[in-house]
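Peer 1:
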Amino acid sequence: MTEKRVAIIGGGVAGMQMAIHLKERGANPVIIEREPTLGGKVAGWYVLFPTFTPAEQVVAPLKQRIAELGIEVMLDTTVTAIAPTCVTLQHGQLLRCDAVALCSGSTLFDARIKEEYGYGIYDNVYTSADLEQMMREGEVRMANGERPERIAILHCVGSRDEKVCQRHCSKVCCVTGVKQAIELKRMMPQAEVFNFYMDIRMFGPGYEEMYREAQVAHNVHFVRGRISEASPLSEGRLQIKAEDTLTGRPLRMSVDMLVLLIGMRGNDDNLPLATSAGITLAENGFFHPRNHFLDNVESERKGIFMAGTCSSPKSIGETLCEATTAAERIINYLNRSNKA
Amino acid sequence: MASNFGFSISKPRVIDIDRNNLRKSNEILREMPELQSCIGCGSCTASCTAGNLTSYNFRKVHTLVRRGEYVGAYEEMNKCMLCGKCRLVCPRGINTRKVAMLIKRKLGDF
């Protein structure tokens, strides 16, 4: 194959994995990344479910391989429009290519929108992403520097919620919530951890086992019910209210820390990108494949492919699989267009 | 009854985890950590003979006990006839009969 150029939009784990596979198969990928570094969301995570593998052990080898293969990377670069043979960068600069791959990921839900939980208003309300950051820094502390003794973790913040226009399930937050509960108990065995959930969705290998481990080995309390509100008490503590739906009684308690498991939503620029490409978005604001079975990494338009969480919330393992599959499809597409 | 206007004061129904003394609940969970793995499926209650004939709800009673709501738990557990059908159906493999016995042992004085 004469070196065919593939523009990969996004340098998270999907984009990196895809670029490596394309390069190894003789194509010439270029990664266009909006941020100043590669790695995407995973780079901000501490350890990954269900094996507690450091996120760095996923990101670093991918980055290293990108460097070894000499794959072209454009950082701090935004894409404003796409077509199968060309992408438009910021300032109107054009980049010619033979295929385009959307690996642009998703956006974490802004917890401030759920004002009733007080994120950004009260101390000691954190998101799951904030907690990962604290764990990366080595300790989990309240705003006053003390160790929290009682922590509530709330599932489905910005997911399965008509009120914030996010009807979909973000899929990985449940597992993340169980993983974080275990991490908190490992760090602070004396702390009490309560997970408030609507449903617990343990869809993957080892996840249900991890849930059980949280319950039996770490005595994490699971309460089925959505927290309705958090209000401030003295010394940075918070009072939370919910229904314990398994007993049919309202429940309230004070906690030192409230962790909100924020969901994934479609990026704001999905719509302009889709419009420019002449493809449609799913109702939930994510891209959608031509179909969910045999063409699940291809868009409605030939020459535009997708992988990772730009098309729906998914785990890192699933994202990596999709990126590999999409690379294979892209190679086939390029070979076909070569003959034509 | 001139002083009775037809109103009475309702006891608050809220489970207040701050006020409830979780010592007994923690003791029970320390003795039987598997009880914490209950997923609230209700198989125990569905298969329970006592539960089909009275208001006895094994799932609900042990969940309340775990939240520190002990009043009435002993009396409720006394409705259990220890037939063990609940144990046969529990998908989490909890020794539910032992749970009933344990709650009665720990909470006899509530």
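From first to last, the protein sequence lines stand for chains A and B. All letters in the first sequence, in the order written, are residues 603 to 942 by the numbering used here. All letters in the second sequence, in the order written, are residues 78 to 187 by the numbering used here. All C-beta atoms, glycine included, are put in the ideal place defined by N, C-alpha and C. If you're wondering where the values come from, they're calculated on a predicted model, not measured in any experiment.
1) ASP93(B) to VAL148(B), Cα distance in whole Å?
2) What residues of chain A sit near ARG144(B), judged by a beta carbon separation below 9 Å?
3) Could you give the first and the last residue of the continuous alpha helix (DSSP H) run that contains PRO874(A)?
4) Short check: CB of GLY827(A) to CB of PHE798(A), under 8 Å?
5) Comparing alpha-carbon positions, which option in ARG752(A), VAL689(A) and ALA645(A) lies nearest GLY838(A)?
6) Going by DSSP, name the residue or residues bridged to GLU831(A).
7) Below 8 Å between beta carbons is the criterion; list the residues of the segment 121–146 of chain B that meet it against any residue of chain A, in chain order.
8) Nearest chain B C-beta to GLN792(A) closer than 8 Å, yes or no?
9) Using a Cβ-Cβ cut-off of 6 Å (strictly less than) and excluding sequence neighbours within five positions of LEU184(B), which residues of its own chain qualify?
10) Taking 7 Å as the limit between beta carbons, can you name the residues of its chain near GLU104(B), skipping five residues before and five after?
11) Taking only beta-carbon positions, decide if SER856(A) is within less than 8 Å of chain B.
12) Among LEU696(A), VAL615(A) and ASN726(A), which one has its Cα closest to the Cα of SER836(A)?
13) From what residue to what residue does the beta strand (DSSP E) around GLU811(A) run?
14) Against chain B, with Cβ distances strictly below 8 Å, would VAL818(A) count as a contact?
15) Rounded to the nearest angstrom, what separates ARG136(B) and LYS162(B) at their Cα positions?
16) Find out if the Cβ-Cβ distance for the pair ARG851(A), ARG96(B) is shorter than 8 Å.
17) State yes or no: is the beta carbon of LEU106(B) nearer than 8 Å to at least one beta carbon in chain A?
18) Is the distance from the Cβ of LEU650(A) to the Cβ of ILE864(A) below 8 Å?
19) Going by alpha carbons, who is nearest to VAL780(A) out of SER761(A), MET744(A) and ALA819(A)?
20) Using a Cβ cut-off of 7 Å, pull out every chain B residue sitting near ARG814(A), in sequence order please.
21) Can you give me the Cβ contacts of ALA645(A) inside the same chain, cut-off strictly under 6 Å, excluding the 5 residues immediately before and after it?
22) Could you give the first and the last residue of the continuous alpha helix (DSSP H) run that contains ARG143(B)?
23) Is MET800(A) close to the ligand SAM? I mean its beta-carbon at under 7 Å from any heavy atom of the ligand.
24) Which partner residues does GLN768(A) have in the DSSP bridge list?
25) Within a Cβ cutoff of 7 Å, which residues of the same chain sit near LYS643(A), ignoring the five residues on either side of it in sequence?
26) Helix, strand or coil: how does DSSP classify THR122(B) here?
27) Using 8 Å as the threshold, is the C-beta distance between ALA754(A) and VAL608(A) below it?
28) Could you say which of GLN792(A), CYS771(A) and GLN735(A) lies nearest to ARG749(A) if we only look at CA atoms?
29) How big is the Cα-Cα spacing for GLN659(A) and THR653(A)?
30) Could you confirm whether any beta carbon from chain A is found closer than 8 Å to the beta carbon of GLY117(B)?
31) Determine the extent of the beta strand (DSSP E) in which GLU674(A) is found, giving its start and end residues.
32) Between the segment 673–692 of chain A and the segment 873–881 of chain A, can you find at least three pairs of beta-carbon atoms closer than 8 Å?
Peer 2: According to the data block:
1) 14 Å
2) HIS823, VAL825, ASP846, THR849, ARG851 and LEU853
3) 872–879
4) yes
5) ARG752(A)
6) LYS843(A)
7) ARG136, LYS137, THR140, LEU141, ARG143, ARG144 and GLU146
8) no
9) TYR147, ALA150 and TYR151
10) LYS183
11) yes
12) ASN726(A)
13) Run containing GLU811(A): none in the beta strand (DSSP E); it sits in the alpha helix (DSSP H), 809–818.
14) yes
15) 14 Å
16) no
17) yes
18) no
19) ALA819(A)
20) SER114
21) VAL661
22) 135–143
23) In the structure shown, the ligand SAM is absent, as is every other ligand, since no ligand is present at all.
24) ASP763(A)
25) GLY614 and GLY707
26) helix
27) no
28) GLN792(A)
29) 12 Å
30) yes
31) 674–676
32) yes
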